[in-house]
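Numbering-wise, numbering that gives the first Met the number 0 puts 63 at position 64 of the sequence shown, and it's gapless, one number per residue. Glycine residues also receive a C-beta, built at the ideal position from the N, C-alpha and C atoms. Given the structure is predicted, the values throughout are model-derived calculations rather than measurements. The next block holds one structure in the form of structure tokens; read it before the comments.
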Amino acid sequence: MPSLPELQRLFTASAFGAVDAAFVSVVEGGGALSAAEAVDVYRNGYPARLSEALGETFEACWRVLGDDDFLAACRDYARSTPSVSHNLSDYGRTFPEFLDGRHAEHAPFIGDLARLEWSFKELFHALPHAGLSPSALAAKARADSVFRFGAAAVFLSFSHRVHAIWKRDRSDGALLSPADWAGDESLVLYKNGPGPVFSRVLSRPEFSALTLLKSGRPLADALSAAEGLEEAGARGLFGFVAESGLVAEVA
Numbered sequence: 000m001p002s003l004p005e006l007q008r009l010f011t012a013s014a015f016g017a018v019d020a021a022f023v024s025v026v027e028g029g030g031a032l033s034a035a036e037a038v039d040v041y042r043n044g045y046p047a048r049l050s051e052a053l054g055e056t057f058e059a060c061w062r063v064l065g066d067d068d069f070l071a072a073c074r075d076y077a078r079s080t081p082s083v084s085h086n087l088s089d090y091g092r093t094f095p096e097f098l099d100g101r102h103a104e105h106a107p108f109i110g111d112l113a114r115l116e117w118s119f120k121e122l123f124h125a126l127p128h129a130g131l132s133p134s135a136l137a138a139k140a141r142a143d144s145v146f147r148f149g150a151a152a153v154f155l156s157f158s159h160r161v162h163a164i165w166k167r168d169r170s171d172g173a174l175l176s177p178a179d180w181a182g183d184e185s186l187v188l189y190k191n192g193p194g195p196v197f198s199r200v201l202s203r204p205e206f207s208a209l210t211l212l213k214s215g216r217p218l219a220d221a222l223s224a225a226e227g228l229e230e231a232g233a234r235g236l237f238g239f240v241a242e243s244g245l246v247a248e249v250a
């Protein structure tokens with residue numbers, strides 16, 4: 000009997016290519032199915048299920064690339080990258096890099112779009128944190144305060160503008176142009192309680208201030224070190240942080 004890793008290798012090879020006779024020889028059929036017929040069930044269904052899982056996570060990438068290119072990418076990725084989890088929603092962590100290498104020429108933003116979709120999926124399934132209320136944060140905040148952001152606040156920075164592409168209505172079939180993705184972009188994904196995931200695009204000064212705060216810099220220090228963040232902008236940013244419940248603790 001082959002070892003478990005060898006059986007897994009033979010299964011993957013048989014699911015995506017020619018059926019391996021050595022694998023069929025150690026498979027037991029079920030019900031009226033012979034061993035070969037049982038293998039064929041997985042050969043037909045397993046790649047499709049992996050592609051379906053990728054389609055559920057990377058829906059915006061699917062819309063951008065179209066059926067033919069996206070599903071071909073799914074099949075090739077599944078052939079080279081077997082699932083290592085019983086939960087198929089975990090599948091596709093390295094798909095953004097795969098898309099980068101495959102479609103960088105005509106869709107240079109596609110990897111960043113996929114990274115945004117993966118981050119959204121991860122946060123959607125994560126537990127919310129207990130954020131401080133606006134009044135509690137205002138009462139605790141001092142110039143030397145250190146903010147501890149909750150786990151359900153994720154800061155992202157991309158080389159391309161992908162937030163608007165991600166948020167496009169499904170019925171919007173207009174072709175994208177380089178102007179749609181040109182320029183870098185930073186944003187925060189967060190959820191306040193068990194409800195939906197929210198997003199906000201951040202200016203460079205806002206992102207700088209928040210990442211400094213997240214790294215443990217005191218409040219006044221972080222705000223003053225964020226280049227380009229004016230007083231009105233700092234007040235507005237603090238208001239957003241308070242209302243969105245990003246902060247779980249103040250030290």
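| field | Rounded separation between S84 and T93 - CA only | value | Numbered from 1 along the sequence shown, position 85 holds the residue referred to as residue 84. Numbered from 1 along the sequence shown, position 94 holds the residue referred to as residue 93. Spanning the two alpha carbons is a distance of roughly 14 Å.
| Y90 lies in the alpha helix (DSSP H); which residues open and close that run? | Walking along the sequence shown from the start, residue 90 turns up at place 91. No alpha helix (DSSP H) holds Y90; DSSP gives it neither H nor E.
| Buried versus exposed, by CB contacts within 10 Å (16 or more), N191 | Translated into the one-based positions of the sequence shown, residue 191 becomes position 192. Its Cβ being crowded by 16 or more others within 10 Å, N191 is buried.
| request: Note down, in chain order, each residue of its chain lying with its Cβ closer than 8 Å to the Cβ of K120, except the 5 sequence neighbours on either side. | output: Residue mapping note: residue 120 aligns to position 121 of the sequence shown, counting from 1. The answer, listed in chain order, is T56 and S88.
| query | If V161 and L112 are in contact, beta carbons under 8 Å, what's the gap, nearest whole angstrom? | reply | Along the sequence shown, read from residue 1 onward, the residue named residue 161 stands at position 162. Along the sequence shown, read from residue 1 onward, the residue named residue 112 stands at position 113. With 8 Å as the limit, V161 and L112 qualify as a contact, their Cβ atoms being about 4 Å apart.
| query | Any idea if H159 is buried or exposed, counting beta-carbon neighbours within 10 angstroms, 16 or more meaning buried? | reply | The count along the sequence shown starts at 1 and reaches residue 159 at position 160. Buried.
| task | Report the residue ranges of all alpha helix (DSSP H) runs contained in full by the region 84 to 141; include only those spanning at least 4 residues, in chain order. | result | 94 to 102, 109 to 124 and 133 to 139
| said: Comparing C-alpha positions only, which one of L131, P195, E36 and G194 sits nearest to A250? | reply: The sequence position of residue 250 within the sequence shown is 251, counting from 1. Of the listed residues, the one whose Cα sits closest to A250 is L131.
| query | Nearest to F97 by CA position, among A72, F22, V196 and F108, is which residue? | reply | Taking the first residue of the sequence shown as position 1, residue 97 is located at position 98. Comparing Cα positions, the closest option is A72.
| Alpha-carbon spacing of E58 relative to D67, whole angstroms | Locating residue 58 in the sequence shown gives position 59, where the first residue counts as 1. Locating residue 67 in the sequence shown gives position 68, where the first residue counts as 1. If you take the alpha carbons of E58 and D67, they lie about 14 Å apart.
| Residue burial classification, L245 (beta-carbon count within 10 angstroms, cutoff 16) | Translated into the one-based positions of the sequence shown, residue 245 becomes position 246. By the neighbour-count rule (16 or more Cβ atoms within 10 Å), L245 is buried.
| said: Can you tell me whether A20 is helix, strand or coil according to DSSP? | reply: As a first step, residue 20 must be located in the sequence shown, where it is residue number 21. Three-state DSSP puts A20 in a helix.
| task | Identify, in the order they occur along the chain, each residue of the same chain with its Cβ nearer than 8 Å to the Cβ of P107, setting aside the five sequence neighbours on each side. | result | Start at 1 with the first residue of the sequence shown, and residue 107 comes out as number 108. Result list for P107: H159 and W180, in chain order.
| said: Looking at K125: is its Cβ nearer than 7 Å to the Cβ of A152? | reply: Here residue 125 refers to the residue found at position 126 when the sequence shown is read from its first residue. Here residue 152 refers to the residue found at position 153 when the sequence shown is read from its first residue. The question names Lys, yet the displayed sequence has Ala at residue 125. No, they are not a contact pair.
| With 16 other CB atoms within 10 Å as the buried threshold, where does L209 fall? | For the purposes of this step, residue 209 is identified with residue 210 of the sequence shown, where counting begins at 1. Its Cβ being crowded by 16 or more others within 10 Å, L209 is buried.
| When L212, A225 and P195 are compared against P127, the one with the closest alpha-carbon | As a first step, residue 127 is located in the sequence shown; it is residue number 128 there, counting from the start. Closest option to P127, Cα to Cα, is P195.
| query | Where does L175 sit, in a helix, a strand or coil, going by DSSP? | reply | Reading the sequence shown from its first residue, position 176 is the one you call residue 175. Looking at L175 - three-state DSSP - the assignment turns out to be coil, as it is neither helix nor strand.
| field | For V187, the first and last residue of its enclosing beta strand (DSSP E) | value | Your numbering for residue 187 matches position 188 in the sequence shown. From DSSP, the beta strand (DSSP E) with V187 extends over E184 to Y189.
| Alpha carbon to alpha carbon, what distance is there between A137 and L53? | For the purposes of this step, residue 53 is taken as residue 54 along the sequence shown, with counting starting at 1. For the purposes of this step, residue 137 is taken as residue 138 along the sequence shown, with counting starting at 1. Using only the alpha carbons, I get a separation of about 42 Å.
| field | Given F148 as reference, the closest of R216, G65, I164 and G172 once Cα atoms are compared | value | For the purposes of this step, residue 148 is taken as the residue at position 149 of the sequence shown. Cα-wise, what sits closest to F148 is R216.
| message | I'd like to confirm the pairing. Which residues does DSSP put opposite S198 in its beta bridges? | response | The sequence position of residue 198 within the sequence shown is 199, counting from 1. DSSP output for S198 lists L188 as bridge partner(s).
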